[in-house]
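Peer 1:
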Amino acid sequence: MTVEDWLSPECLEQDAIYLGVLTAWGVKPLSRLEYPVRPWVWASLRHMALVTARLTRYAENGAWVEHWVFSRYAHLVERYCRQFDRQPLNGDSACLVRLEADYFGYPQCCAEEYLRSPDVPSDLLPADQALLFHRACTGCQVTPQLLPWYRAALVEARALCDRYASRNRWPSAK
Ligand SMILES: [Zn+2]
């Protein structure tokens, strides 16, 4: 896959649905999108009983950017919005890395190794590491238990996207 493929709307939508499934299953307490998606994706996330919210952040150059978050838990969405809506985008402070690990369901061991040594390569198989949104720490005991959920969520997300695509591929009746 090329970079262009990864950035295609279909890939971003599949990524959003993948995050949605992981969040609906409770693997991730909350997830964040940093790109817009079409209304069917929001409909699908709400169908998974996820609570969604849109936030505005501002970059160092003063530009406003939009983020979206979703969770099974309204109080987590509210807390995230209270902490981050209309706030500047900061770099990777240790506090932020730990906070995001809590929100996004990253094991704390992986967050702590990332803070100590951000450039250590993952010792997972590349195909396994590619399923994740965090880098597994060296010899991680937690991530291998999460991997079956990530694999199953990707299968589910692909099925949901295929179903949407096949419904919309049919020629419209005239
Ligand atoms: Zn770990």
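The number in the working numbering is simply the position in the sequence shown, starting from 1, with 426 added. Heads up, the beta-carbon is just placed ideally off N, CA and C, and yes, glycines get one too.
Considering only heavy atoms of ligand 3 and the C-beta of each residue, which residues fall inside 6 Å, strictly closer?
Peer 2: Annotation note on ligand 3: not contained in the displayed structure, which lists ligand 1 as its ligands.
Peer 1: Measure the alpha-carbon distance for residue 599 versus residue 482 and round it to whole angstroms.
Peer 2: The residue given as residue 599 occupies position 173 in the sequence shown. The residue given as residue 482 occupies position 56 in the sequence shown. Reliability fails at residue 599, whose pLDDT of 46 lies under 50, so the model's placement of it is uncertain and the value that follows must be treated cautiously. Between residue 599 and residue 482, the C-alpha separation is close to 41 Å.
Peer 1: Taking Cβ to Cβ, would you say residue 495 is nearer than 9 Å to residue 503?
Peer 2: In the sequence shown, the residue the question calls residue 495 occupies position 69. In the sequence shown, the residue the question calls residue 503 occupies position 77. Against a cut-off of 9 Å, the Cβ pair of residue 503 and residue 495 comes out as a contact.
Peer 1: Going by Cα to Cα distance, which pick from 542, 507, 514, 509 is closest to residue 520?
Peer 2: Within the sequence shown, numbered from 1, the residue matching residue 520 stands at position 94. Comparing Cα positions, the closest option is 542.
Peer 1: Taking C-alpha atoms, which residue in 550, 437, 444 lies nearest to residue 564?
Peer 2: Here the question's residue 564 lines up with position 138 in the sequence shown. Considering only alpha carbons, the answer is 550.
Peer 1: List the DSSP bridge partners of residue 514.
Peer 2: In the sequence shown, the residue the question calls residue 514 occupies position 88. DSSP lists 484 as partners of residue 514.
Peer 1: Cutting at 6 Å between CB atoms, please list the residues of its own chain near residue 474, excluding the five before and the five after it.
Peer 2: As a first step, residue 474 is located in the sequence shown; it is residue number 48 there, counting from the start. So the list reads 446, 450, once near-sequence residues are dropped.
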